[in-house]
Amino acid sequence: AQVNINRQLEMILKRLRPIAKRGNVELILESMREVTADVDEVKMSLAITNLVENAIKYNVDSGWVRVTLDADHKYFYIKVADSGIGIPEDALDHIFDRFFRVDKARSREVGGTGLGLAITKNVVQMHRGVIDVESVPGEGTTFAMRIPLTYIVRQEARP
Ligand code: ATP
Ligand code: MG
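Each step along the sequence shown adds one to the number in the UniProt record's numbering, with nothing skipped, and position 23 is 353.
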């Protein structure tokens, strides 16, 4: 379905604002363009929510989360950057694996199952998109995804 991604991001941030406030984390939304894309609305919302939830959850007091939206003629781009604790280099390769959590002791205090990022990657891939992560321990993490504006479920063979 055609989804207004700007509005979708606004709704997600609005829903997470009370949680961010509890952790004294500032939520910032930067939309460079108006984006309408053919996506599965519920699944895409879940994929983005997981990223923003993590960015809040693994942040520091007085930290920030910046969500940016951009697009060109083919793709839209969402970045979720945070000023949080970061992810150690040796964990980056496993971050999208099911049930993987960095430092079990550390992440036991903040609840979770380790499924969020596996779900997010799955949703991105079913939209024929890609997702990447960059992180500096002690400085923060940025997840960047690129999704085609048109959601091709199955490539039809042409005569
Ligand atoms: P769930 O999402 O199922 O509630 P979770 O948040 O632990 O649990 P994922 O979202 O899959 O699981 O994340 C996996 C692990 O990656 C987390 O436990 C955390 O250690 C690390 N992680 C994810 N996002 C960030 C981030 N923005 N900053 C620092 N660490 C992160
Ligand atoms: Mg999570």
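For each residue, glycine too, the CB sits at the ideal point set by N, CA and C.
Query raised in the report: If you follow the beta strand (DSSP E) that R337 is part of, which residue opens it and which one closes it?
Result: Stepping through the sequence shown from its first residue, residue 337 is reached at position 7. Counting along the chain, R337 falls outside any beta strand (DSSP E), though it belongs to the alpha helix (DSSP H) covering 335-352.
Query raised in the report: Is I378 near V355, with beta carbons less than 8 angstroms apart?
Result: Residue 378 sits at position 48 when you count from the first residue of the sequence shown. Residue 355 sits at position 25 when you count from the first residue of the sequence shown. V355 is positioned such that its CB atom lies no closer than 8 angstroms to that of I378.
Query raised in the report: Apart from the five residues just before and just after V432, which ones in its own chain have a Cβ nearer than 7 angstroms to its Cβ?
Result: Mapped onto the sequence shown, residue 432 falls at position 102. I417, P418, A421, listed in sequence order.
Query raised in the report: Just to confirm, are V333 and V390 a CB contact at a threshold of 8 angstroms?
Result: Walking along the sequence shown from the start, residue 333 turns up at place 3. Walking along the sequence shown from the start, residue 390 turns up at place 60. Cβ distance not < 8 angstroms, so V333 and V390 don't count as in contact.
Query raised in the report: Using a Cβ-Cβ cut-off of 6 angstroms (strictly less than) and excluding sequence neighbours within five positions of Y407, which residues of its own chain qualify?
Result: For the purposes of this step, residue 407 is taken as residue 77 along the sequence shown, with counting starting at 1. Excluding residues within five positions, the ones whose Cβ falls inside 6 angstroms are D400, R476.
Query raised in the report: Do the CB positions of L343 and K404 come within less than 8 angstroms of each other?
Result: For this step, residue 343 is matched to residue 13 along the sequence shown. For this step, residue 404 is matched to residue 74 along the sequence shown. Cβ distance not < 8 angstroms, so L343 and K404 don't count as in contact.
Report task. Answer with buried or exposed for E383, where buried requires no fewer than 16 other C-beta atoms within 10 angstroms of its C-beta. Result -> One-based indexing of the sequence shown puts residue 383 at position 53. Label assigned to E383: buried.
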